[in-house]
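Enquirer:
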Amino acid sequence: MIKIIVALILIALSIGNATSQYLYKSDYKMQQLRYMELDKCKNSTDCPSYSNGCYIPNFEDNIDNPTGVCNVFYICHDNDENCYILNKEDFNEEEISDFNSAFHYPFYNITNQKKEKLIFTTCDRNSIKNHKCKTEFCFKNSDCLSNKCYLGDCETNPDNKIYICSLNYDYYQFNEVNYLITCGLAKQEKCEKDQQCFTGICDTESKLCADFREKDLLEDGKPKEGKPFFGLTSIIIISTLFIFTWVFFAYCCCMLSKRTHARLIDEIDEQ
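Add 880 to a position in the sequence shown, counting from 1, and you land on the number used in this note's numbering.
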(Lines of atoms letter the chains of each structure in order from A and count residues from 1; the text may use other names and numbers.)
(Lines give C-alpha, C1' and ligand atoms only; values in the text may rest on other atoms or scores of the structure.)
Protein backbone atom coordinates (compact mmCIF):
# COMPACT_ATOMS: atom_id res chain seq x y z
CA MET A 1 0.00 0.00 0.00
CA ILE A 2 2.77 2.43 0.97
CA LYS A 3 4.62 1.56 -2.25
CA ILE A 4 1.53 2.47 -4.32
CA ILE A 5 1.20 5.83 -2.55
CA VAL A 6 4.89 6.65 -3.09
CA ALA A 7 4.60 5.67 -6.75
CA LEU A 8 1.64 8.01 -7.25
CA ILE A 9 3.56 10.91 -5.72
CA LEU A 10 6.63 10.23 -7.88
CA ILE A 11 4.49 10.10 -11.02
CA ALA A 12 2.94 13.46 -10.14
CA LEU A 13 6.32 15.03 -9.51
CA SER A 14 7.79 13.68 -12.75
CA ILE A 15 4.85 15.03 -14.77
CA GLY A 16 5.21 18.36 -13.03
CA ASN A 17 8.89 18.56 -13.86
CA ALA A 18 8.17 17.66 -17.49
CA THR A 19 6.73 21.15 -17.99
CA SER A 20 9.99 22.83 -16.91
CA GLN A 21 11.89 24.98 -19.38
CA TYR A 22 15.12 23.81 -20.97
CA LEU A 23 18.18 26.00 -21.35
CA TYR A 24 21.46 25.40 -23.15
CA LYS A 25 24.67 26.96 -21.84
CA SER A 26 26.52 29.01 -24.45
CA ASP A 27 30.20 29.89 -24.80
CA TYR A 28 29.63 33.57 -24.09
CA LYS A 29 29.34 35.75 -21.02
CA MET A 30 27.26 38.91 -20.80
CA GLN A 31 30.25 41.25 -20.89
CA GLN A 32 31.54 39.55 -24.04
CA LEU A 33 28.20 39.99 -25.79
CA ARG A 34 28.02 43.70 -24.99
CA TYR A 35 31.20 44.37 -26.98
CA MET A 36 30.65 41.85 -29.74
CA GLU A 37 30.80 43.19 -33.31
CA LEU A 38 27.84 42.14 -35.43
CA ASP A 39 28.34 40.48 -38.79
CA LYS A 40 26.48 41.63 -41.89
CA CYS A 41 24.55 38.98 -43.79
CA LYS A 42 22.42 38.20 -46.83
CA ASN A 43 20.89 35.06 -45.32
CA SER A 44 21.23 32.91 -42.22
CA THR A 45 24.01 30.76 -43.70
CA ASP A 46 26.26 33.84 -43.58
CA CYS A 47 26.02 34.00 -39.78
CA PRO A 48 28.46 32.40 -37.32
CA SER A 49 27.53 29.96 -34.56
CA TYR A 50 26.82 32.66 -31.97
CA SER A 51 23.87 33.87 -34.07
CA ASN A 52 20.40 32.37 -34.52
CA GLY A 53 19.83 33.79 -38.00
CA CYS A 54 20.02 36.78 -40.31
CA TYR A 55 17.72 39.70 -39.60
CA ILE A 56 17.01 41.75 -42.71
CA PRO A 57 15.35 45.11 -42.00
CA ASN A 58 12.17 45.71 -43.94
CA PHE A 59 12.51 49.22 -45.26
CA GLU A 60 12.22 50.60 -48.76
CA ASP A 61 15.91 51.24 -49.47
CA ASN A 62 16.76 47.65 -48.54
CA ILE A 63 14.46 45.89 -51.03
CA ASP A 64 16.66 45.79 -54.16
CA ASN A 65 19.78 44.55 -52.37
CA PRO A 66 18.60 43.20 -49.00
CA THR A 67 21.32 43.20 -46.38
CA GLY A 68 20.95 42.41 -42.71
CA VAL A 69 22.81 41.66 -39.52
CA CYS A 70 23.24 38.43 -37.60
CA ASN A 71 20.73 38.28 -34.73
CA VAL A 72 21.42 36.98 -31.22
CA PHE A 73 19.29 36.16 -28.17
CA TYR A 74 20.95 35.23 -24.88
CA ILE A 75 19.64 34.88 -21.31
CA CYS A 76 22.31 36.06 -18.88
CA HIS A 77 23.40 37.01 -15.40
CA ASP A 78 25.70 39.99 -14.99
CA ASN A 79 28.56 37.90 -13.61
CA ASP A 80 31.18 35.40 -14.78
CA GLU A 81 28.62 32.69 -15.66
CA ASN A 82 28.08 31.76 -19.28
CA CYS A 83 24.77 32.87 -20.80
CA TYR A 84 22.02 30.51 -21.95
CA ILE A 85 20.18 30.05 -25.23
CA LEU A 86 16.82 28.48 -26.17
CA ASN A 87 16.08 25.63 -28.56
CA LYS A 88 13.02 26.01 -30.76
CA GLU A 89 12.24 22.28 -30.49
CA ASP A 90 11.56 22.64 -26.75
CA PHE A 91 8.61 25.02 -27.20
CA ASN A 92 5.12 24.78 -28.65
CA GLU A 93 3.68 27.22 -31.19
CA GLU A 94 1.81 29.27 -28.55
CA GLU A 95 4.96 29.77 -26.51
CA ILE A 96 6.93 30.69 -29.63
CA SER A 97 4.36 33.32 -30.63
CA ASP A 98 4.56 34.80 -27.11
CA PHE A 99 8.33 35.18 -27.44
CA ASN A 100 8.54 36.63 -30.93
CA SER A 101 8.65 40.38 -31.16
CA ALA A 102 10.04 42.39 -34.09
CA PHE A 103 13.59 41.15 -34.75
CA HIS A 104 14.16 39.68 -31.27
CA TYR A 105 13.75 36.12 -32.52
CA PRO A 106 14.81 34.05 -29.48
CA PHE A 107 15.36 30.49 -30.73
CA TYR A 108 18.34 28.51 -31.94
CA ASN A 109 18.42 25.18 -33.78
CA ILE A 110 20.38 23.08 -31.30
CA THR A 111 21.17 19.43 -31.99
CA ASN A 112 24.10 18.21 -29.89
CA GLN A 113 24.38 20.37 -26.77
CA LYS A 114 23.51 19.23 -23.27
CA LYS A 115 20.38 20.90 -21.94
CA GLU A 116 19.63 21.96 -18.38
CA LYS A 117 16.16 21.85 -16.85
CA LEU A 118 15.79 25.39 -15.51
CA ILE A 119 12.84 27.76 -15.22
CA PHE A 120 14.06 31.08 -16.60
CA THR A 121 10.83 33.07 -16.25
CA THR A 122 10.51 34.84 -12.90
CA CYS A 123 7.93 36.85 -10.96
CA ASP A 124 8.24 39.63 -8.40
CA ARG A 125 7.06 38.50 -4.94
CA ASN A 126 4.16 40.97 -4.84
CA SER A 127 3.04 39.79 -8.28
CA ILE A 128 3.04 36.20 -6.99
CA LYS A 129 1.05 37.10 -3.88
CA ASN A 130 -1.51 39.08 -5.92
CA HIS A 131 -1.81 36.31 -8.56
CA LYS A 132 -0.59 38.68 -11.30
CA CYS A 133 2.30 36.51 -12.41
CA LYS A 134 3.04 32.78 -12.41
CA THR A 135 5.90 30.58 -13.58
CA GLU A 136 6.26 26.87 -14.08
CA PHE A 137 6.08 25.07 -10.73
CA CYS A 138 9.32 24.95 -8.75
CA PHE A 139 10.12 22.74 -5.76
CA LYS A 140 13.46 24.23 -4.74
CA ASN A 141 15.72 27.19 -5.46
CA SER A 142 17.92 25.27 -7.89
CA ASP A 143 14.90 24.70 -10.17
CA CYS A 144 15.04 28.40 -11.06
CA LEU A 145 17.56 30.37 -13.09
CA SER A 146 17.13 33.10 -10.47
CA ASN A 147 17.99 30.51 -7.78
CA LYS A 148 14.95 31.56 -5.76
CA CYS A 149 11.71 29.56 -5.43
CA TYR A 150 8.78 31.07 -3.53
CA LEU A 151 5.47 29.22 -2.99
CA GLY A 152 6.02 27.13 -6.12
CA ASP A 153 6.94 30.08 -8.39
CA CYS A 154 10.39 31.26 -9.43
CA GLU A 155 10.94 34.64 -7.81
CA THR A 156 13.15 37.48 -9.03
CA ASN A 157 16.41 37.67 -7.12
CA PRO A 158 18.12 41.06 -6.66
CA ASP A 159 21.41 39.22 -6.18
CA ASN A 160 20.95 37.20 -9.37
CA LYS A 161 19.09 39.38 -11.86
CA ILE A 162 18.22 37.99 -15.29
CA TYR A 163 19.08 39.93 -18.44
CA ILE A 164 18.18 39.44 -22.10
CA CYS A 165 20.90 40.26 -24.62
CA SER A 166 19.73 40.72 -28.19
CA LEU A 167 19.88 42.82 -31.33
CA ASN A 168 18.81 46.45 -31.08
CA TYR A 169 19.12 49.45 -33.37
CA ASP A 170 21.63 52.13 -32.52
CA TYR A 171 20.85 54.90 -34.99
CA TYR A 172 19.45 55.56 -38.48
CA GLN A 173 21.66 57.57 -40.84
CA PHE A 174 21.97 57.91 -44.61
CA ASN A 175 19.28 55.29 -45.28
CA GLU A 176 21.15 52.78 -43.15
CA VAL A 177 20.29 51.39 -39.76
CA ASN A 178 23.15 50.62 -37.40
CA TYR A 179 22.60 47.78 -34.92
CA LEU A 180 24.33 46.63 -31.76
CA ILE A 181 23.80 44.10 -28.99
CA THR A 182 22.13 45.48 -25.87
CA CYS A 183 21.41 43.70 -22.59
CA GLY A 184 18.30 44.67 -20.64
CA LEU A 185 16.56 43.39 -17.54
CA ALA A 186 14.01 40.63 -18.07
CA LYS A 187 10.32 41.09 -17.30
CA GLN A 188 9.34 41.41 -13.62
CA GLU A 189 12.84 42.58 -12.61
CA LYS A 190 12.90 45.81 -10.59
CA CYS A 191 13.73 48.96 -12.55
CA GLU A 192 13.85 52.74 -12.36
CA LYS A 193 13.61 53.75 -16.03
CA ASP A 194 12.53 52.29 -19.38
CA GLN A 195 16.09 52.05 -20.71
CA GLN A 196 16.99 49.43 -18.09
CA CYS A 197 14.43 46.91 -19.41
CA PHE A 198 14.80 44.66 -22.43
CA THR A 199 11.18 45.43 -23.35
CA GLY A 200 11.79 49.17 -23.06
CA ILE A 201 8.96 49.49 -20.51
CA CYS A 202 9.46 50.11 -16.79
CA ASP A 203 6.03 50.24 -15.17
CA THR A 204 5.80 53.51 -13.24
CA GLU A 205 3.61 52.12 -10.43
CA SER A 206 5.17 48.75 -9.70
CA LYS A 207 8.71 49.70 -10.81
CA LEU A 208 8.96 46.40 -12.67
CA CYS A 209 10.04 45.66 -16.22
CA ALA A 210 7.00 44.68 -18.30
CA ASP A 211 5.72 44.39 -21.84
CA PHE A 212 2.58 46.23 -22.94
CA ARG A 213 0.34 43.33 -21.87
CA GLU A 214 1.88 43.01 -18.42
CA LYS A 215 1.79 46.78 -17.98
CA ASP A 216 -2.01 46.70 -18.29
CA LEU A 217 -2.11 43.73 -15.88
CA LEU A 218 0.00 45.50 -13.27
CA GLU A 219 -2.18 48.58 -13.52
CA ASP A 220 -5.67 47.04 -13.42
CA GLY A 221 -4.80 44.15 -11.10
CA LYS A 222 -6.69 41.54 -13.14
CA PRO A 223 -5.15 38.14 -13.90
CA LYS A 224 -3.91 37.65 -17.44
CA GLU A 225 -6.49 35.91 -19.63
CA GLY A 226 -5.65 32.39 -20.66
CA LYS A 227 -3.08 32.03 -17.86
CA PRO A 228 -4.95 30.45 -14.93
CA PHE A 229 -3.34 30.64 -11.52
CA PHE A 230 -3.69 26.88 -11.01
CA GLY A 231 -1.79 25.25 -13.87
CA LEU A 232 -1.49 21.61 -14.87
CA THR A 233 1.21 20.89 -12.31
CA SER A 234 -0.87 22.30 -9.43
CA ILE A 235 -3.89 20.27 -10.51
CA ILE A 236 -1.83 17.08 -10.66
CA ILE A 237 -0.33 17.63 -7.22
CA ILE A 238 -3.71 18.48 -5.65
CA SER A 239 -5.26 15.41 -7.30
CA THR A 240 -2.43 13.23 -6.02
CA LEU A 241 -2.86 14.53 -2.48
CA PHE A 242 -6.60 13.81 -2.73
CA ILE A 243 -5.91 10.25 -3.90
CA PHE A 244 -3.30 9.84 -1.15
CA THR A 245 -5.83 10.94 1.49
CA TRP A 246 -8.56 8.70 0.09
CA VAL A 247 -6.26 5.65 -0.12
CA PHE A 248 -4.90 6.27 3.38
CA PHE A 249 -8.44 6.61 4.80
CA ALA A 250 -9.57 3.41 3.04
CA TYR A 251 -6.46 1.61 4.29
CA CYS A 252 -7.10 2.69 7.90
CA CYS A 253 -10.77 1.66 7.70
CA CYS A 254 -9.79 -1.71 6.29
CA MET A 255 -7.23 -2.33 9.04
CA LEU A 256 -9.74 -1.24 11.71
CA SER A 257 -12.35 -3.58 10.29
CA LYS A 258 -9.91 -6.50 10.30
CA ARG A 259 -8.90 -5.85 13.90
CA THR A 260 -12.56 -5.58 15.00
CA HIS A 261 -13.37 -8.80 13.17
CA ALA A 262 -10.43 -10.58 14.78
CA ARG A 263 -11.41 -9.36 18.25
CA LEU A 264 -14.97 -10.61 17.78
CA ILE A 265 -13.67 -14.03 16.75
CA ASP A 266 -11.42 -14.14 19.80
CA GLU A 267 -14.36 -13.29 22.07
CA ILE A 268 -16.51 -16.02 20.49
CA ASP A 269 -13.73 -18.58 20.92
CA GLU A 270 -13.33 -17.64 24.59
CA GLN A 271 -17.07 -18.23 25.18
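Idealized CB from N, CA, C, for every residue including glycine.
(1) Starting from N962, follow the beta strand (DSSP E) in both directions and report where the run begins and ends.
(2) By the three-class DSSP mapping on this structure, what secondary structure does D1033 have?
(3) Between the Cα of F1019 and the Cα atoms of L998, Y1049, C1045, which residue gives the shortest distance?
(4) Would you say the segment 1012 to 1027 touches the segment 984 to 992, given that touching needs at least three Cβ pairs under 8 Å?
(5) Name the one or two DSSP bridge partners that G948 has.
(6) Between the beta-carbon of C1071 and the beta-carbon of C1045, is there less than 8 Å?
(7) Let me know the secondary structure DSSP gives K995 once reduced to three states.
(8) Under the three-state reduction of DSSP, which class applies to C1087: helix, strand or coil?
(9) Okay, do the segment 924 to 935 and the segment 949 to 960 touch, 3+ Cβ pairs below 8 Å being the bar?
(10) Going by DSSP in three states, F1092 sits in which element: helix, strand or coil?
(11) What residue range is occupied by the uninterrupted alpha helix (DSSP H) comprising I1008?
(12) Report the three-state DSSP secondary structure of N1048 (helix, strand or coil).
(13) Just how far apart, CA to CA, sit Y902 and C956?
(14) Closest to I1061 by CA distance: which of Y904, Y915, K909 is it?
(15) Which two residues bound the contiguous beta strand (DSSP E) that contains L1025?
(16) Kindly indicate which residue of I1042, K1041, E1016, C927 has the alpha-carbon position closest to the one of C1034.
(17) By the DSSP assignment, the beta strand (DSSP E) with S929 in it spans what residues?
(18) If we count the other Cβ atoms within 10 Å of its Cβ and call it buried at 16 or more, is K1014 buried or exposed?
(19) Using 10 angstroms around the beta-carbon of I965, count the other beta-carbons present and answer buried if the total reaches 16, otherwise exposed.
(20) When the Cα of F987 is compared with those of K968, E996, D1004, which residue comes out closest?
(21) Starting from K909 and walking both ways along the beta strand (DSSP E), at which residues does that stretch end?
(22) Are Y1059 and Y1049 touching if we call contact CB-CB under 8 Å?
(23) For the candidate residues K1073, T1079, N1040, whose alpha-carbon lies nearest to that of D1091?
(24) Determine, using beta carbons only, whether G1064 and C1082 come nearer to each other than 8 Å.
(25) Taking the alpha carbon of S1007 as the reference point, which residue from L913, N959, E1069, N962 has its own alpha carbon closest?
(26) Who are L913's beta bridge partners in DSSP?
(27) Kindly list the residues whose CB is nearer than 7 Å to the CB of C927, restricted to its own chain and excluding five residues on each side of it in sequence; keep chain order.
Expert: The answer reads as follows:
(1) 962 to 967
(2) strand
(3) L998
(4) no
(5) C921
(6) no
(7) strand
(8) What sits at residue 1087 in the sequence shown is Lys, not Cys. In this structure, K1087 counts as coil in the three-state DSSP scheme.
(9) By the C-beta criterion, the segment 924 to 935 is judged to be in contact with the segment 949 to 960, since at least 3 inter-stretch pairs fall below 8 Å.
(10) helix
(11) From DSSP, the alpha helix (DSSP H) with I1008 extends over 1005 to 1009.
(12) strand
(13) Distance between the alpha carbons of Y902 and C956: 14 Å.
(14) Y915
(15) Bounds of any beta strand (DSSP E) do not take in L1025, whose DSSP letter is neither H nor E.
(16) E1016
(17) No residue range can be given for S929, since it is assigned to no beta strand (DSSP E) and is classified by DSSP as neither H nor E.
(18) buried
(19) Per the 10 Å Cβ criterion, buried.
(20) K968
(21) Here the beta strand (DSSP E) through K909 covers 902 to 909.
(22) yes
(23) T1079
(24) No Cβ-Cβ contact shorter than 8 Å links G1064 with C1082.
(25) E1069
(26) Per DSSP, none; premise fails for L913.
(27) D919, C921, G933, C934, C950
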